[in-house]
Structure formats: C-alpha cells, structure tokens
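Working notes for the structure below.
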Amino acid sequence: DAGITQSPRHKVTETGTPVTLRCHQTENHRYMYWYRQDPGHGLRLIHYSYGVKDTDKGEVSDGYSVSRSKTEDFLLTLESATSSQTSVYFCAISGWTGRSNTEAFFGQGTRLTVV
Amino acid sequence: EDKVVQSPLSLVVHEGDTVTLNCSYEVTNFRSLLWYKQEKKAPTFLFMLTSSGIEKKSGRLSSILDKKELFSILNITATQTGDSAIYLCVHSGAGSYQLTFGKGTKLSVIP
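Here it is in structure tokens:
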C-alpha cells in the first residue's frame, strides 16, 4: 500500500473555528491533492499541489487554503469552519512517469463534522 | 471543462450475476482512464487504461477502453457480496495535474 496517512481521522469542531487537516506521504510523489466527498457529488477537488510551495485551486476551493512546505506534507486549512464544510476529506498522491501522472493513491479519509 | 459520466448510478444484483458498469467521457488532452473501487473508506486502484481495445483483467474484473467512442466499461463476472462498493471512473489528462472523477456507480450484491 502507498505510504499516505491523514490526520486526524475524525474531528468535530464548532462553526467559526479554524481547522487544519494533515496529509503525510512517504512515497516522494510530486503531486498531492485534497478532495471532499459528499453524497450526490462524488469526489470534488479542493486544492492540489505540483511541488513544494506550488499549489493551485480546484473546483471547490472557497473557504479552504493549503500549504506545502516540504514534499511529504500537504496541509488543508479551513480558516473559519462552516456547517457546509461537514464532509469526508481525502488526500491523494500521484507520481510522474515523465509523460503522465501515475495512478493516484488515497489516504484513509478524515470525517469532519462542523456543528 | 472535462466531464466523466458514469451509468448506472446504482445497481442491485444477485450473487453470481455478471455486471457491466459504464463510463463515458468528454475531455481535452486525454491521457488515461482509471477505475477505482471504494468501500467504506478510501478508493483503491483497479485499472489504468491508456490504449484503445486492450483489455485489462484482474481475476473476475476486467475493463476496456474505446477511445473512438469515448467510453470505458468495467465488467465483473460471478459477482460476490464483497464486490459491493462504489466504483469510480476517473480521467487523468495529459499536461494536467488534475483528476476528473465521475460520480460513481454504487453496486450492491445481495446473496
């Protein structure tokens, strides 16, 4: 299994509080992604990173920020959590063959509940 | 905007049945199509398809890509209750870092 871990695995937080989710990989893969998964929407990309300090927005980036200060860690921050951000969050990683991305490997997910 | 559409969205079959899951796509700069299985946790990788007409197989699962008609199918023969999951079809584009997911097909296999 690919070496990718997410923390925490479960979190309950109050509306308006900041929350940071961590994704850590041991594969030295170039690309890292944060997705959220909600019923009826499938997996939607929040932000992704294509290298240290290189990040970009996905389709549902409002209310989220990310940072990648080293290859192995990709942090997702909710600056001020809202109930609409209650979701399951997945981190994924993929490598580069020289021509294309490899398949993506996913972390176990973080279930976040904002009350 | 790249789009991946899966059908059906849900499917209930009996053990032993054979099922076919469909995935059509409209994308720019196609590179590969991937299939994942998701049970109650993270999606796990099944197949990557890059060439048209070449079947990928793993046990009772197989998949094939038609780049002319822009679709892929995932076949599962002799289904078992352990095959119950959401199956995700994903496009990985050339020159793009992003993965475009379909909404998934929820397969339920009943004894």
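For the protein sequence lines, the chains are A and B, in the order given. Here the first sequence is numbered in the numbering used here, starting from 1 and rising by one per residue. Here the second sequence is numbered in the numbering used here, starting from 1 and rising by one per residue. By construction, the Cβ of each residue, glycine as well, lies at the ideal position given by its N, Cα and C atoms.
Exercise for the section: Go through the segment 8-51 of chain B residue by residue and report every complete run of the beta strand (DSSP E) that reaches 3 residues or more, in order. Expected result: 10-14, 19-26, 30-38, 44-49
In angstroms, rounded to a whole number, what distance separates the CA positions of A:Thr26 and A:Val115? Along the first sequence, one-based indexing puts residue 26 of chain A at 26. Along the first sequence, one-based indexing puts residue 115 of chain A at 115. Approximately 33 angstroms, taken between the alpha carbons.
For B:Asp66, three-class secondary structure by DSSP:
For the purposes of this step, residue 66 of chain B is taken as the residue at position 66 of the second sequence. Strand.
| query | So who's on the other strand from A:Gln37, going by DSSP bridges? | reply | Locating residue 37 of chain A in the first sequence gives position 37, counting from the first residue. For A:Gln37, which the question treats as bridged, DSSP gives the partners A:Leu43, A:Val88.
Item to complete: Pull up the CB-CB distance for A:Asn28 and A:Thr55, whole angstroms please, since I reckon it's below 8 angstroms.
Response: Numbered from 1 along the first sequence, position 28 holds the residue referred to as residue 28 of chain A. Numbered from 1 along the first sequence, position 55 holds the residue referred to as residue 55 of chain A. No, A:Asn28 and A:Thr55 are not in contact; Cβ-Cβ is about 18 angstroms, not under 8 angstroms.
Rounded distance between the beta-carbons of A:Gln108 and B:Lys56, thought under 8 angstroms:
Along the second sequence, read from residue 1 onward, the residue named residue 56 of chain B stands at position 56. Along the first sequence, read from residue 1 onward, the residue named residue 108 of chain A stands at position 108. About 26 angstroms separates the two Cβ atoms, so there is no contact after all.
| request: Evaluate contact between the segment 13-27 of chain B and the segment 89-109 of chain B, counting only Cβ atoms and requiring at least three cross-stretch pairs below 8 angstroms. | output: yes
Q. In chain order, what residues of the segment 97-108 of chain B put their CB closer than 9 angstroms to some CB of chain A?
A. Tyr97, Gln98, Leu99, Thr100, Phe101, Gly102, Lys103, Gly104
(request) Using the Cα positions of A:Thr113 and A:Trp34, report the straight-line distance between them to the nearest angstrom. (result) Translated into positions along the first sequence, residue 113 of chain A becomes position 113. Translated into positions along the first sequence, residue 34 of chain A becomes position 34. Each residue's alpha carbon lies about 17 angstroms from the other.
Review point. Using the beta-carbon of each residue, which ones in chain B are nearer than 7 angstroms to A:Leu112?
Key: Locating residue 112 of chain A in the first sequence gives position 112, where the first residue counts as 1. By Cβ distance, chain B contributes nothing, its closest Cβ being about 15 angstroms from A:Leu112, past 7 angstroms.
On a Cα-Cα basis, can you pick out the residue from A:Val19, A:Pro8, A:His10, A:His24 that is closest to A:Ser80?
Here residue 80 of chain A refers to the residue found at position 80 of the first sequence. Measuring from the Cα of A:Ser80, the nearest candidate turns out to be A:Val19.
Q. Does the beta carbon of B:Pro43 come closer than 8 angstroms to any beta carbon on chain A?
A. Counting from 1 along the second sequence, the entry for residue 43 of chain B is found at position 43. With 8 angstroms as the cut-off, B:Pro43 counts as an interface residue toward chain A.
Inset, instruction - Please confirm if the segment 44-63 of chain A is in contact with the segment 28-43 of chain B, defined as three or more CB-CB distances below 8 angstroms between the two stretches. - result: no
Exposed or buried, A:Thr82, counting other C-beta atoms within 10 Å across all chains shown (16 or more means buried)? Within the first sequence, residue 82 of chain A is the residue found at index 82, counting from 1. The residue is exposed, with fewer than 16 neighbouring Cβ atoms inside 10 Å.
Using a Cβ-Cβ distance cut-off of 8 angstroms, determine whether A:Tyr48 contacts chain B. As a working mapping, residue 48 of chain A is identified with position 48 in the first sequence. For A:Tyr48, the answer is yes, since a Cβ of chain B falls inside 8 angstroms of its Cβ.
>> Taking its Cβ as the centre, do 16 or more other Cβ atoms sit within 10 Å of B:Leu21, making it buried, or is it exposed?
In response: Locating residue 21 of chain B in the second sequence gives position 21, where the first residue counts as 1. It is buried - the Cβ of B:Leu21 has at least 16 other Cβ atoms within 10 Å.
Requested in this report: Check whether the Cβ of A:Thr13 sits closer than 7 angstroms to any heavy atom of the ligand SAM, and report yes or no.
Outcome: Inclusion of the ligand SAM in the displayed structure is not the case, the ligand content being empty and no account of it being possible.
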